[in-house]
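**Student:** For the sequence shown, position 404 matches number 404 in the UniProt record's numbering, and the numbering has no gaps at all.
I have a structure here, written as structure tokens, and I will follow up with some questions on it.
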Amino acid sequence: MLSFLFCFVIFISFNQCGFALYLPRQQNNTLRWVDCATHVPQPIQFALNITTFSGPLPPTLFCGEVDVPMDYAKPIASDNQITVGFAMNRPKNPAGLLIFHAGGPGVDAVSQAWANALNTSQAASFSGLEEFDFLAVNTRGIQFSNPLNCTSGKFFNDIPFAFATTESEFNAYQTAMGEFLQSCAENSTPAGIIQHVGTAEAIQDWDLIRAALGYEQVHLVGVSYGTFVGAAYAAKYPDRVGRFVLDAVFPHGMPFQDMVTAQVAAINRLLLRADAFCLQDTSCPFHGQGKGSVVKAWETLLARSIQQPIPASRCGPNTGCNTPVTPTDLRLGASVFLRSNPDFPLFNKALNESLNGDASLFAYVPAADIRDTIVVPLVCSDLKNTDKSFANFEALSKNSNSSDPAQMVYSQIWQFTYMCSAWPFAAPAPSVLPIQQPIMWVTADFDLNTPTELATFAFEQAPNSTLVVRHGDDHVSIDLPNVATHQLQIDFLRTGVFPTTRNDAQVTVITPGGKRGVISDPYQVPLGTVAGDMSTIESVPERLVPIPSSPSSASTIGVRWPLIVLSVLLCL
Numbered sequence: 001m002l003s004f005l006f007c008f009v010i011f012i013s014f015n016q017c018g019f020a021l022y023l024p025r026q027q028n029n030t031l032r033w034v035d036c037a038t039h040v041p042q043p044i045q046f047a048l049n050i051t052t053f054s055g056p057l058p059p060t061l062f063c064g065e066v067d068v069p070m071d072y073a074k075p076i077a078s079d080n081q082i083t084v085g086f087a088m089n090r091p092k093n094p095a096g097l098l099i100f101h102a103g104g105p106g107v108d109a110v111s112q113a114w115a116n117a118l119n120t121s122q123a124a125s126f127s128g129l130e131e132f133d134f135l136a137v138n139t140r141g142i143q144f145s146n147p148l149n150c151t152s153g154k155f156f157n158d159i160p161f162a163f164a165t166t167e168s169e170f171n172a173y174q175t176a177m178g179e180f181l182q183s184c185a186e187n188s189t190p191a192g193i194i195q196h197v198g199t200a201e202a203i204q205d206w207d208l209i210r211a212a213l214g215y216e217q218v219h220l221v222g223v224s225y226g227t228f229v230g231a232a233y234a235a236k237y238p239d240r241v242g243r244f245v246l247d248a249v250f251p252h253g254m255p256f257q258d259m260v261t262a263q264v265a266a267i268n269r270l271l272l273r274a275d276a277f278c279l280q281d282t283s284c285p286f287h288g289q290g291k292g293s294v295v296k297a298w299e300t301l302l303a304r305s306i307q308q309p310i311p312a313s314r315c316g317p318n319t320g321c322n323t324p325v326t327p328t329d330l331r332l333g334a335s336v337f338l339r340s341n342p343d344f345p346l347f348n349k350a351l352n353e354s355l356n357g358d359a360s361l362f363a364y365v366p367a368a369d370i371r372d373t374i375v376v377p378l379v380c381s382d383l384k385n386t387d388k389s390f391a392n393f394e395a396l397s398k399n400s401n402s403s404d405p406a407q408m409v410y411s412q413i414w415q416f417t418y419m420c421s422a423w424p425f426a427a428p429a430p431s432v433l434p435i436q437q438p439i440m441w442v443t444a445d446f447d448l449n450t451p452t453e454l455a456t457f458a459f460e461q462a463p464n465s466t467l468v469v470r471h472g473d474d475h476v477s478i479d480l481p482n483v484a485t486h487q488l489q490i491d492f493l494r495t496g497v498f499p500t501t502r503n504d505a506q507v508t509v510i511t512p513g514g515k516r517g518v519i520s521d522p523y524q525v526p527l528g529t530v531a532g533d534m535s536t537i538e539s540v541p542e543r544l545v546p547i548p549s550s551p552s553s554a555s556t557i558g559v560r561w562p563l564i565v566l567s568v569l570l571c572l
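Here it is, written out as structure tokens:
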């Protein structure tokens with residue numbers, strides 16, 4: 001889940017282009033090319049139920065690895081060395097080097113290079129960029145790049161709740177998280193590696209591979225958490241920056257409180273989007289009950305759960321999910337339905353079943369929680385949390401109340417601060433990065449994972465950049481080849497020329513120096529696949545026509561959501 005790219009807006013002469021075509025072939029000896037058939041990325045292993053690839057592979061697919069310092073503050077040596085793995089899709093005469101970061105943190109990137117080479121459906125995300133040397137590096141801590149060994153049964157056995165509502169729960173969670181992180185530190189090799197898996201190391205790994213490939217400049221697509229890493233690369237190596245597209249933005253230097261408040265506002269907007277979808281979806285259990293019916297269903301269900309937890313008939317011992325369903329479970333469950341690729345039909349079905357006495361679809365599944373995964377050491381390496389108290393954790397939520405009319409409460413960024421309160425190692429203090437390069441930032445009005453306010457914050461810190469706002473749902477835009485923003489991203493990556501100012505039903509483009517207006521009304525933006533919508537239980541049409549504006553809709557349901565006023569905080 002998390003992308004960025006950017007470029008100098010210049011026209012390259014024929015002679016310069018010829019030099020660029022020659023330069024990539026001047027490789028030094030630090031890279032080792034390996035057999036792709038025995039280095040199959042885990043997503044492909046899982047999809048095909050294989051560990052090695054027996055069929056023929058395209059000649060453009062290359063797999064490699066490189067030895068790098070574990071700690072870049074020290075020279076590489078036998079006791080300060082790890083191996084980082086990557087894959088490339090390489091045309092004969094590449095137009096440049098394009099790095100891809102798949103987000104997460106900890107999402108496999110290598111499988112995208114395979115998809116491009118094999119021309120699978122996933123390759124459509126990068127259609128039009130086939131002339132580039134496409135480089136996908138798996139970040140430290142995952143397959144091919146010195147994977148960490150983190151094991152703990154503490155959460156599954158003893159922590160049955162998703163997030164704390166009391167100080168005693170907070171202390172129990174924090175203790176369990178500390179034990180999990182200790183397992184990562186003790187079981188991973190080489191000793192000390194857990195302290196060197198953050199963004200600071202990732203961007204130096206990239207630059208080492210860039211140099212080994214013989215390129216002086218790179219282009220980049222970073223999605224979700226990859227935007228955080230991509231922006232860090234741009235700030236540290238400004239002369240290396242070509243065309244950077246940062247898609248679904250997680251910014252540097254934005255205060256935790258502002259990010260949590262924005263994410264709480266985002267899930268409230270998505271509740272209204274679910275209501276807007278129901279108005280047009282005849283399969284919705286609340287269809288025909290009028291505007292606000294889904295919001296009312298949520299409010300009724302939450303109130304009932306506060307009075308008494310709701311049974312989940314399909315959950316209990318040995319099922320993997322918990323019963324009964326508490327208000328905490330409902331709030332986390334709503335986020336699961338509405339994040340990444342929101343499934344409005346399934347969310348509305350879950351509401352209806354729960355109101356009728358079976359909240360199984362909202363039940364908490366401990367094994368699916370990110371708290372016991374590689375995400376924790378990767379994200380905590382980057383996010384310094386100076387106040388690790390329950391009081392601070394509680395304040396982050398309470399201070400977001402003004403943006404939370406539906407009492408959704410839960411925020412994944414809030415959970416990050418919670419998880420990282422147990423991080424025992426150093427992490428960099430949050431700071432705004434000085435970025436002067438012409439980056440393209442991309443966001444969607446109703447992204448929950450990285451709310452659109454976060455992209456606005458990043459755009460305002462980079463005066464020569466452009467902000468592209470996709471009017472719709474879903475998390476990452478470059479993964480949606482049939483929406484208007486996709487071609488804007490591809491064209492910029494190919495040419496380095498920003499799109500001109502634009503403001504229509506599909507996309508708004510704000511050029512350097514421009515100001516963003518209010519976030520679109522959830523009821524007025526089109527729905528359907530054109531907006532990035534999908535469902536696991538029904539076919540979603542290409543377009544659902546939004547309801548017409550009505551003066552009577554000026555209530556909690558259907559208001560236009562102003563952008564939160566965000567402060568810029570430099571933490572030292």
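Backbone N, C-alpha and C fix where the C-beta goes; we use that ideal spot for every residue, glycine too.
Source: prediction; values computed, not measured.
Going by DSSP in three states, Trp414 sits in which element: helix, strand or coil?
**Tutor:** To locate residue 414, count along the sequence shown from 1; it is residue 414. In this structure, Trp414 counts as helix in the three-state DSSP scheme.
**Student:** With a CB to CB cut of under 6 Å and the five nearest residues on each side skipped, what residues in its chain are close to Ser13?
**Tutor:** Translated into the one-based positions of the sequence shown, residue 13 becomes position 13. Because the pLDDT of Ser13 is 27, which lies under 50, any placement of that residue in the model is unreliable, and the question is left without a value.
**Student:** Using only the alpha-carbon positions, how far apart do Asp382 and Gly226 sit?
**Tutor:** Taking the first residue of the sequence shown as 1, we reach residue 382 at position 382. Taking the first residue of the sequence shown as 1, we reach residue 226 at position 226. Roughly 12 Å between the two C-alpha positions.
**Student:** Is Lys384 close to chain B, meaning its C-beta is less than 8 Å from at least one C-beta of that chain?
**Tutor:** The structure shown has no chain B; it contains just one protein chain.
**Student:** Taking 8 Å as the threshold (C-beta atoms), are Val540 and Gly472 in contact?
**Tutor:** Within the sequence shown, residue 472 is the residue found at index 472, counting from 1. Within the sequence shown, residue 540 is the residue found at index 540, counting from 1. The answer is no: Cβ separation not under 8 Å.
**Student:** Once the 5 residues before and after residue 575 are set aside, which same chain residues still bring their CB inside 6 Å of it?
**Tutor:** Nothing in the structure corresponds to residue 575, since the chain is present only between 1 and 572.
**Student:** Quick check: the Cα distance between Asn29 and Trp206, rounded to an integer number of angstroms?
**Tutor:** Taking the first residue of the sequence shown as 1, we reach residue 29 at position 29. Taking the first residue of the sequence shown as 1, we reach residue 206 at position 206. Residue confidence is low: Asn29 scores 46 on pLDDT, short of 50, so the model does not pin down where it sits. No coordinate-derived value is stated.
**Student:** Where does Ile99 sit, in a helix, a strand or coil, going by DSSP?
**Tutor:** Here the question's residue 99 lines up with position 99 in the sequence shown. The answer is strand: DSSP assigns Ile99 an E or B state.
**Student:** Use the C-beta contact count for Thr485: other C-beta atoms within 10 angstroms, 16 or more gives buried, fewer gives exposed.
**Tutor:** Here the question's residue 485 lines up with position 485 in the sequence shown. By the neighbour-count rule (16 or more Cβ atoms within 10 Å), Thr485 is buried.
**Student:** Among residues of its own chain, excluding the 5 on either side of Cys420, which ones have a beta-carbon nearer than 6 Å to its beta-carbon?
**Tutor:** As a position in the sequence shown, residue 420 is number 420, starting the count at 1. Result list for Cys420: Cys380, Leu383, Asn385, in chain order.
**Student:** Counting only runs of 3+ residues fully inside the segment 458-538, write out the beta strand (DSSP E) ranges in chain order.
**Tutor:** With a minimum length of 3 residues, the continuous beta strand (DSSP E) runs that stay inside the segment 458-538 are 466-470, 507-510.
**Student:** Taking the DSSP output, what are the residues bridged to Leu61?
**Tutor:** Walking along the sequence shown from the start, residue 61 turns up at place 61. According to DSSP, which records beta bridges pairwise, Leu61 is partnered with Asn89.
**Student:** Using the C-alpha atoms, what's the distance from Ala191 back to Val241?
**Tutor:** Along the sequence shown, one-based indexing puts residue 241 at 241. Along the sequence shown, one-based indexing puts residue 191 at 191. So the alpha carbons of these two residues sit roughly 34 Å apart.
**Student:** Tell me the DSSP bridge mates of Leu220?
**Tutor:** Numbered from 1 along the sequence shown, position 220 holds the residue referred to as residue 220. Answer is Ile99, Phe244.
**Student:** In this structure, how does DSSP classify Val336 when only helix, strand and coil are distinguished?
**Tutor:** Residue numbering aside, residue 336 sits at position 336 when the sequence shown is read from its first letter. The answer is helix: DSSP assigns Val336 an H, G or I state.
**Student:** Rounding to the nearest angstrom, what Cα-Cα distance links Ile44 and Ile50 in this structure?
**Tutor:** Start at 1 with the first residue of the sequence shown, and residue 44 comes out as number 44. Start at 1 with the first residue of the sequence shown, and residue 50 comes out as number 50. In a straight line, the C-alpha of Ile44 is about 8 Å away from that of Ile50.
**Student:** Considering just the uninterrupted stretch of the alpha helix (DSSP H) at Arg269, what are its terminal residues?
**Tutor:** Counted from its first residue, the sequence shown places residue 269 at position 269. From DSSP, the alpha helix (DSSP H) with Arg269 extends over 256-280.
**Student:** Report the CB separation of Gly222 from His101 in whole angstroms; it is logged as a contact under 8 Å.
**Tutor:** Taking the first residue of the sequence shown as 1, we reach residue 222 at position 222. Taking the first residue of the sequence shown as 1, we reach residue 101 at position 101. The pair is a contact, with the Cβ atoms about 4 Å apart (cut-off 8 Å).
**Student:** Compute the Euclidean distance between the alpha carbons of Leu23 and Gly528, then round it to the nearest angstrom.
**Tutor:** In the sequence shown, counting from the first residue as 1, residue 23 sits at position 23. In the sequence shown, counting from the first residue as 1, residue 528 sits at position 528. Reliability fails at Leu23, whose pLDDT of 33 lies under 50, so the model's placement of it is uncertain and the value that follows must be treated cautiously. Approximately 45 Å between the Cα atoms of the pair.
**Student:** Give the single residue among Pro58, Ile76, Phe277, Pro59 whose Cα lies nearest to the Cα of Val66.
**Tutor:** Walking along the sequence shown from the start, residue 66 turns up at place 66. When each option's Cα is compared against that of Val66, the closest is Ile76.
**Student:** Applying the 10 Å Cβ sphere with the 16-neighbour rule, what's the burial state of Lys515?
**Tutor:** The count along the sequence shown starts at 1 and reaches residue 515 at position 515. Classification for Lys515: exposed.
**Student:** Suppose the cutoff is 7 Å on Cβ atoms and the five residues either side in sequence are ignored; what does the same chain contact list for Lys296 look like?
**Tutor:** For the purposes of this step, residue 296 is taken as residue 296 along the sequence shown, with counting starting at 1. Taken in chain order, the list of residues that qualify is empty.
**Student:** Ile193: which of Phe498, Ala429, Val68 sits nearest, CA to CA?
**Tutor:** One-based indexing of the sequence shown puts residue 193 at position 193. Taking only the C-alpha atoms, the option nearest Ile193 is Val68.
**Student:** With 16 as the cutoff for other CB atoms within 10 Å, does Ser121 come out buried or exposed?
**Tutor:** As a working note, residue 121 is residue 121 in the sequence shown. With fewer than 16 Cβ atoms within 10 Å of its Cβ, Ser121 is classed as exposed.
**Student:** Within 10 angstroms of its Cβ, does Ile267 collect 16 or more other Cβ (buried), or is it exposed?
**Tutor:** The residue labelled residue 267 in the question sits at position 267 within the sequence shown. Its Cβ being crowded by 16 or more others within 10 Å, Ile267 is buried.
**Student:** What would DSSP say about Asn149, mapped onto helix, strand or coil?
**Tutor:** Looking up residue 149 in the sequence shown gives position 149. Asn149: coil per DSSP, three-state reduction.
**Student:** Pick helix, strand or coil for residue 575, following the three-state DSSP scheme.
**Tutor:** Residue coverage of the chain in this structure runs from 1 to 572, which leaves residue 575 outside it and unanswerable.
**Student:** Between the segment 321-331 and the segment 364-376, are three or more C-beta pairs nearer than 8 Å?
**Tutor:** Verdict: yes, contact present.
**Student:** Please report the distance separating the alpha-carbon of Ala162 from that of Val294.
**Tutor:** On the sequence shown, residue 162 is found 162 positions in, with the first residue counted as 1. On the sequence shown, residue 294 is found 294 positions in, with the first residue counted as 1. The alpha-carbon atoms of Ala162 and Val294 are separated by roughly 24 Å.
**Student:** Beta strand (DSSP E) containing Leu31: first to last residue?
**Tutor:** Working through the sequence shown from its first residue, we reach residue 31 at position 31. Run containing Leu31: 31-34, per the beta strand (DSSP E) assignment.
**Student:** Please tell me whether Gly141 and Leu378 are closer than 8 Å, where the distance is taken between their beta carbons.
**Tutor:** Against the sequence shown, residue 141 aligns to sequence position 141. Against the sequence shown, residue 378 aligns to sequence position 378. In contact: Gly141 and Leu378 (Cβ atoms closer than 8 Å).
**Student:** Can we say the segment 400-420 touches the segment 327-347, given the rule of at least three CB pairs closer than 8 Å?
**Tutor:** Judged by Cβ distances under 8 Å, the segment 400-420 makes contact with the segment 327-347, as three or more pairs qualify.
**Student:** Classify Gly513 as buried or exposed, calling it buried when 16 or more other Cβ atoms lie within 10 Å of its own Cβ.
**Tutor:** By 1-based counting over the sequence shown, the position of residue 513 is 513. Exposed is the call here.
**Student:** Can you round the beta-carbon distance between Pro105 and Val518 to whole angstroms, since I take them to be within the 8 Å contact cut?
**Tutor:** Residue numbering aside, residue 105 sits at position 105 when the sequence shown is read from its first letter. Residue numbering aside, residue 518 sits at position 518 when the sequence shown is read from its first letter. Contact flag wrong, Cβ pair sits at about 31 Å.
**Student:** For Ala136, write down the residues that DSSP places opposite it in a beta bridge.
**Tutor:** One-based indexing of the sequence shown puts residue 136 at position 136. DSSP lists Ala87, Phe100 as partners of Ala136.
**Student:** Express the C-alpha separation of Val107 and Ala113 in angstroms, rounding to a whole number.
**Tutor:** Within the sequence shown, numbered from 1, the residue matching residue 113 stands at position 113. Within the sequence shown, numbered from 1, the residue matching residue 107 stands at position 107. Going by the C-alpha atoms only, they are around 13 Å apart.
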